[in-house]
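Number of protein chains: 2
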Amino acid sequence: MSTPAPHAWAPAFARRTEGASGELAAILALSAGTDLISFAGGLPDPETFPVTVLLELTRKLLEGDAGTALQYSPTPGLPGLREAFADRLHASEGRRPEVAELIVTSGNIDAVGLLAKAMVDVGDVVAVESPTYLGAIDAFRGFQADVRGIPMDGDGVDVEGLDRLCSATPVKALYTIPDHQNPTGLTMSEERRHALVEVCRRHGVLVIEDVAYRELTFTAERPPSLWSLAPDVVTQTGTTSKTFFPGVRLGWAVGPSAVVSQMVIAKQNSDQCAGAFGQRLLEEYLRGGHMEPQLRRSNALYAGRCNLMLAALEEYMPEGISWTRPHGGFFTWLTGPEWLDTTELAHRARADGVAFVPGRPFHAAHDGCNRLRLAFSLARDDDIDEGVRRLGTLVRTTLERR
Amino acid sequence: MSTPAPHAWAPAFARRTEGASGELAAILALSAGTDLISFAGGLPDPETFPVTVLLELTRKLLEGDAGTALQYSPTPGLPGLREAFADRLHASEGRRPEVAELIVTSGNIDAVGLLAKAMVDVGDVVAVESPTYLGAIDAFRGFQADVRGIPMDGDGVDVEGLDRLCSATPVKALYTIPDHQNPTGLTMSEERRHALVEVCRRHGVLVIEDVAYRELTFTAERPPSLWSLAPDVVTQTGTTSKTFFPGVRLGWAVGPSAVVSQMVIAKQNSDQCAGAFGQRLLEEYLRGGHMEPQLRRSNALYAGRCNLMLAALEEYMPEGISWTRPHGGFFTWLTGPEWLDTTELAHRARADGVAFVPGRPFHAAHDGCNRLRLAFSLARDDDIDEGVRRLGTLVRTTLERR
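Heads up: the sequence lines are chains A and B, in that order.
Just so we're aligned, residue 12 is where the first sequence starts under the numbering used here, counting upward by one.
Just so we're aligned, residue 12 is where the second sequence starts under the numbering used here, counting upward by one.
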């Protein structure tokens, strides 16, 4: 069969797709390779997946509830799972959302993307932490937002800097990951949280609070969520991909009912609803009391790996390199001298059998080239020491050559 | 806990969300109710869900492949399912797509939404059949497309009308459902298909071919797909929600590799990937040869219901009402006198215990108010006669009162 010469479709693509990075895909691709020790992707360890309970629950649902579990779901989610999420938020955050304040999403990035779709007009300013989750930068840019990075320190985002930006120009939303942030591993202090919601309330800026790593904590205490402090001004987005498992796409958003209604409309013409099968599985899992024991096991595993990585960094990294000491989550964040080019370093590291994500794509302004992210979540214990040794050797050579 | 007065978020919503209908949600809500016989939602019958095979496959995957089935998937989909889709298209359409020509999506509406996101700038013209799937109209409008309806006749869309539109103004894409169309149940003739792709190729217009109902056919013969006729100019979108089951959100798109690459980028910042668990289930289901027997059983069920509905229409509908006689799919489409207001009729029908979707939302120009859609897919056999009797009585009274 002969096919006509290919039509050049690129000129027909929407302007919002110009400059789309595809860096997420490139990073996930970095995770594959023989004899490669990968600290690249922020993936949960399959060891944490609750296979035994899932065997029981899948059988139970298929035998007793296939008519709901295999059917379409209402766009805001199945009533039972929304109730279970509301109960869980009540227990953990001290506030129970109304039904109209909660939507079940297809993962956290779906929630952020729906907010972008519902809120962002071309050129609207969205403030983000610098650095931040690169998928969120792409999600806002995907709707042609003007994404501005606000610097961070050890206590979180620079609220005075945000206040100045909001005074100078209208800001539609502030996106933040207050707990065990991606990529830095840092957690926002309680004082900073109060200051942040106060500034956003004053300027009428929607706070998008991404709590993807909030439950993955290595210590008992945790500061209040932004949503619990200011449900009038905060929409919280979360995911069960790192606590339950990612193979069913599930997450939630909870926020002002007007905002959530708008997300429901946006979801109707994206994927229409999250999968009912995963929703029913998660509801049964939560109701069965399985989540807390899984979290304890997962957090023990990830805390151990974090310690291994911090010890290895201490041993192998030369002077001139600093890093964060996370109390939860999946990541530590390294900073080298200003002249260091971690994108170039990443290519040489791959040749030496170790992968990481360079700092640049985590910055809205594409700076931060002297930084890099290491994920400790998926590397086997044995590999952490060897991987950091390889990286340390490479960094030492690079610094000495200068 | 005192909460500050609610902030008025509505002024902050994106312009693309203005006038969003929420009609899909309203229609799904119409499907519920006591003593209500619903011909509203286009839902598959749970009787067709392959519970026994799923019991076996879920156990097999959880015991043997949890590390893949419960993990994140690459954005374009798991390699095994993409191969299985490619094999299936090869067998059914006579052409095997290259790897770069195929993406796994979270249902059909996700595929259409990704195309809208990748292709549509504000004000771009997208042509659709009039009437057409209202979710697609919303998906294109969700990116501020100028959606134009092209009339249909019994052979499909008016290609000469499309040609005139394309000559008068640049058209980004033409969206069509050639097989057992939603809402009309009509199928495009083979001659019309050749003419359509020829016109679109000449004008450089991307054809979006929605094959959601293509496999749900009551007869042996079927015309070639548009994609098989013109893979250079057609992107086909499909779903397994009506053939496998909807509780895992799965579909596909196959088209020019440049277009599919752009969809992959768009998907990275919507839901990132379809759920791996559903992908692995479907791959095993296809490889195990279970799809064809399920389709035969489902199509026998739906053909029987279609016949019941056509017989009941014949018996109960007064003169002045005409309807289509589908050879597949879920729907028949009724047309009354020009003055008939089916939106108003729908409210009275609910009071009389029968639900349907009025014609208006299926039309880009919001005309077609004298038409209505009946779904025969989910109504129990016994209910079809009674539901059409109720509707027929109401319509007769309405026509006589005039």
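Every residue gets a Cβ at the ideal spot worked out from N, C-alpha and C, and that includes glycine.
Would you verify that the beta carbon of residue i is, or is not, closer than 8 Å to some beta carbon of chain A?
i                   : result
phenylalanine 60/B  : yes
proline 267/B       : yes
proline 257/B       : yes
serine 49/B         : no
methionine 12/B     : Annotation note: pLDDT 45 at methionine 12/B (below 50); position unreliable, no value reported.
phenylalanine 229/B : no
phenylalanine 24/B  : yes
glutamine 247/B     : no
isoleucine 276/B    : yes
alanine 111/B       : no
proline 108/B       : no
threonine 28/B      : yes
tryptophan 20/B     : yes
arginine 213/B      : no
proline 348/B       : no
threonine 69/B      : yes
In this structure, does DSSP put residue i in helix, strand or coil?
i                : result
aspartate 2/A    : Outside the displayed span of chain A (12 to 413) sits residue 2/A, for which this structure offers no information.
aspartate 157/A  : strand
threonine 409/A  : helix
isoleucine 332/A : coil
threonine 195/B  : coil
leucine 113/A    : strand
alanine 129/B    : helix
glutamate 397/A  : helix
aspartate 76/B   : coil
proline 22/A     : helix
valine 170/A     : helix
alanine 147/B    : helix
glutamate 67/B   : helix
valine 275/B     : helix
glutamate 94/A   : helix
leucine 47/B     : coil
valine 265/B     : strand
glutamate 104/A  : helix
proline 142/A    : coil
leucine 389/A    : coil
Using 10 angstroms around the beta-carbon of residue i, count the other beta-carbons present and answer buried if the total reaches 16, otherwise exposed.
i               : result
methionine 12/B : Note that methionine 12/B has pLDDT 45, beneath the 50 cutoff, so the model's placement of it is unreliable and the number below is only indicative. That one is exposed.
arginine 500/A  : With chain A covering only 12 through 413, there is no way to say anything about residue 500/A.
serine 333/B    : exposed
arginine 26/B   : exposed
arginine 413/A  : exposed
valine 168/A    : buried
arginine 204/B  : buried
alanine 77/B    : buried
arginine 225/A  : buried
valine 110/A    : exposed
glycine 165/A   : exposed
threonine 187/A : buried
Between residue i and chain B, is any beta-carbon pair separated by less than 8 Å?
i                : result
alanine 287/A    : yes
valine 270/A     : yes
arginine 384/A   : no
leucine 100/A    : no
methionine 130/A : yes
serine 388/A     : no
proline 329/A    : no
proline 194/A    : no
asparagine 280/A : yes
alanine 322/A    : no
isoleucine 120/A : yes
arginine 159/A   : no
Contacting positions in the stretch 231–242 of chain A - beta carbon closer than 7 Å to chain B: Within the stretch 231–242 of chain A, the residues whose Cβ lies closer than 7 Å to some Cβ of chain B are Pro242, listed in chain order.
Along the stretch 170–183 of chain A, what residues have a CB closer than 7 Å to any CB found in chain B? Residues of the stretch 170–183 of chain A with a C-beta atom less than 7 Å from some C-beta of chain B are Lys183, listed in chain order.
For the stretch 78–96 of chain B, which residues have a beta carbon sitting closer than 7 Å to at least one beta carbon of chain A? The residues in question are Gly78, Ala80, Leu81, Gln82, Tyr83, Pro85 and Thr86.
Closer than 9 Å, Cβ to Cβ, to anything on chain B: give me those residues from the stretch 294–306 of chain A, in chain order. Going along the stretch 294–306 of chain A in chain order, one finds no residue with a Cβ nearer than 9 Å to chain B.
Threshold first: 3 residues or longer. Then list the beta strand (DSSP E) segments lying entirely within the stretch 178–251 of chain B, N to C. With a minimum length of 3 residues, the unbroken runs of beta strand (DSSP E) contained wholly in the stretch 178–251 of chain B fall at 182–187, 217–221 and 245–250.
Any C-beta of chain A within less than 7 Å: which residues of the stretch 194–210 of chain B qualify? So the list is empty, because no residue satisfies the distance condition.
Which runs of the alpha helix (DSSP H) fall wholly inside the stretch 321–383 of chain B and span at least 4 residues, in chain order? Counting only runs of 4 or more, we get 353–362.
Tell me which residues of the stretch 352–384 of chain A have at least one Cβ-Cβ distance to chain B shorter than 7 Å, keeping chain order. Of all residues in the stretch 352–384 of chain A, none has a Cβ within less than 7 Å of some Cβ in chain B.
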